[in-house]
Amino acid sequence: MKSLSAIKIIFFSLALLLGAANLTYASETDGTIVAGGNAGYAWSDRAGWVNFGATNGNIHITDSGMSGYAWNTNYGWINMLPTSTSTDVGVKVSTAGTLSGYAWGSSLGWINFSGVSINSSGKFIGQATGSIVGTLTFDCVNCDVRTDFRPANFRTTSSPTPSVTVSGGGGGGGGGGGVSYVSGPGGQAVPAHMSAYNVPMRLFPAQSGTLTQNLTGGKAVKVEVPANIVATDELTIIVSEQPVSVDISVSTVAVLGDALFDITARDSAGNLIHNFLKPIQITLIVPENLEGRSDLGVYYFDESQGLWIKISDAVFSSSSVSFFVDHLTLFGIFSATDLPSFLQPFFPVPVPTPTSTGEASSAPLPQPATEIAPAPPASGSEENPPLFDIEVKPGTLESQSKTKLVIIITLVIAGIAALIYIFLKRRRNAQTNR
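Here it is, written out as structure tokens:
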């Protein structure tokens with residue numbers, strides 16, 4: 045058999061190397077769940093461990109949302125993208141990493157992921173909820189659900205438009221350029237004021253900040269945070285929108301823009317912060333004239349009472365409304381002839397009510413069509429809880445990608461060397477036999 049030339053061998057190997065390198069970084073836009081050891085697990089207070097990294101589950105995360113299945117030993121598969129005509133069905137991902145929508149388990153019913161986010165490191169934080177699953181937390185001590193997907197605002201290749209900048213100002217403890225400084229962690233000097241545009245805003249207690257977040261259809265939110273709204277720890281403020289659908293044929297109240305403004309804050313551990321020491325100024329911007337309209341009111345959702353509470357001192361202008369609050373939650377601009385101080389929910393509540401069989405009732409979401417779920421994991425593999433007596437330190441996802449690339453390069457170089465050696469040896473043997 046005629047041997048391949050050394051040049052062809054090297055060219056073919058380099059082509060493989062370049063292809064492998066490209067695949068390594070494509071996961072930022074089409075990611076999977078990091079699995080192995082303790083990775084991939086979240087904890088339900090009613091169902092136990094839920095494995096998002098099960099081999100047969102094949103979970104993928106893109107800008108469109110999540111697909112695939114998570115596995116629970118007691119209740120089986122949880123579908124991230126069930127079949128339904130409802131826009132709320134399926135777990136969606138915003139550009140800031142905020143999740144929304146519902147997953148479905150045939151024995152668990154609907155699971156609401158609106159309390160979960162993917163941070164800049166690809167880690168899931170927060171809690172999903174459901175009537176049967178209870179609280180599915182991603183923040184417990186041994187919980188570790190991570191992905192190589194990065195929300196659009198956090199990608200290294202994303203548009204440079206989203207940004208965080210330092211505002212100027214006089215005074216302060218050092219530094220040039222007219223920037224004021226305050227004391228940060230460990231006494232380190234940090235800018236007194238931060239401005240974030242279309243990205244979550246991270247602040248230390250002594251810092252103030254302004255977050256501007258553009259949303260769909262010309263809507264936007266501006267959040268102005270004074271210094272020292274929390275006593276200790278840092279906080280990250282995230283803004284997103286939650287689409288709603290109101291049947292105006294039966295409801296006397298309409299939601300302006302068919303969307304709610306979801307404004308949340310989390311501490312360094314990913315826990316939600318609802319109340320603050322000082323008022324925060326919020327401005328909601330919509331693409332229509334609001335000034336002089338007597339049919340409009342701004343409301344926030346009080347989770348403890350299950351009611352929409354009117355913000356009486358909201359100030360409307362041509363295309364925006366501003367107000368001060370000392371808590372963060374869902375906000376909406378409502379339109380009605382009569383705007384009382386509080387309203388009962390007049391559109392589907394977030395958590396659907398299951399039937400006694402564990403399947404969702406007809407409201408607010410329909411039961412998905414019959415689907416063929418993957419085969420359960422093999423005995424002794426993913427359905428077992430993680431071994432938390434074995435300490436696993438996976439390192440950052442960035443270092444994992446670099447490690448993979450180094451391994452690929454090493455294997456390709458070794459393959460090239462082996463092929464060249466075989467080629468030269470055969471040629472030497474052929475010359476000897478002449």
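Numbering (this note's numbering), first residue to last: 45 to 478.
Just so you know, even glycine gets a beta-carbon here, dropped at the ideal spot from N, CA and C.
Collapsing the DSSP output to three states places F368 in a strand. Here V160 is buried, its C-beta having at least 16 other C-beta atoms within 10 Å. Checking the DSSP bridge columns, you'll see M245 partnered with I281. In the three-state reduction of the DSSP assignment, E332 falls in the coil class, being assigned neither a helical nor a strand state. At the C-beta level, L304 and F375 come within 8 Å of one another. When rounded, the separation of the alpha-carbon atoms in N319 and D370 is 6 Å.
When C-alpha distances from S363 are compared across T373, L334, L383 and R90, the shortest belongs to L334. L321 is positioned such that its CB atom lies closer than 8 Å to that of A275.
Looking at the backbone, the Cα of D346 and that of A298 are separated by about 19 Å. In this structure, L340 and S379 form a Cβ contact; the two beta carbons are roughly 6 Å apart against a cut-off of 8 Å.
The residues S366, in chain order, have a CB closer than 6 Å to that of V359 in the same chain once the five nearest residues on each side in sequence are set aside. Taking a cut-off of 8 Å on C-beta distances, the segment 151-169 does not touch the segment 249-266, as fewer than three cross pairs fall below it. In the structure shown, F157 adopts coil according to DSSP, grouped into three states. Per DSSP, the beta bridge partners of Y225 are P235.
Judged by beta-carbon spacing, M110 lies within the 8 Å limit of V137, meaning their Cβ atoms are closer than that value. Its Cα nearest to that of P229, the residue L247 stands out among L300, S158 and L247. When the beta-carbon positions are compared, T76 and D188 stay at least 8 Å from each other.
Per DSSP, H318 lies in no beta strand (DSSP E) segment and is marked neither H nor E.
At the C-beta level, F368 and Q325 come within 8 Å of one another. Per DSSP, Y119 is not a residue of any beta strand (DSSP E), being assigned neither H nor E.
Look at E72 here: in three-state DSSP terms it is helix. Here D346 is bridged, per DSSP, to L351.
Cβ neighbours of A172 within its own chain (closer than 7 Å, five residues either side excluded): I155, N156, F157, G159, V160 and L180. A direct Cα-Cα distance of roughly 8 Å separates G112 from I122.
Non-local C-beta neighbours of V283 in its own chain, meaning closer than 6 Å and more than five positions away in sequence, comprise Q257, V265 and I307, ordered along the chain. By the beta-carbon neighbour count (other beta carbons within 10 angstroms, threshold 16), S224 is buried. Looking at the DSSP output, T142 shares a beta bridge with S161. Taking 8 Å as the upper bound for CB-CB distance, E285 and T254 are not in contact here, some 19 Å apart. A Cβ-Cβ contact shorter than 8 Å links G97 with A83. DSSP places N258 in the strand class (E or B) of the three-state scheme. Cβ neighbours of T454 within its own chain (closer than 6 Å, five residues either side excluded): none. Here L387 carries a strand assignment [DSSP, helix/strand/coil].
Secondary structure note for M124: it is in no beta strand (DSSP E), with a DSSP letter that is neither H nor E. For T181, the enclosing beta strand (DSSP E) has its first and last residue at G178 to T181. P384 sits exposed, since fewer than 16 C-beta atoms from the chains shown fall within 10 Å of its C-beta. For N95, the uninterrupted beta strand (DSSP E) run begins and ends at G92 to N95, by DSSP.
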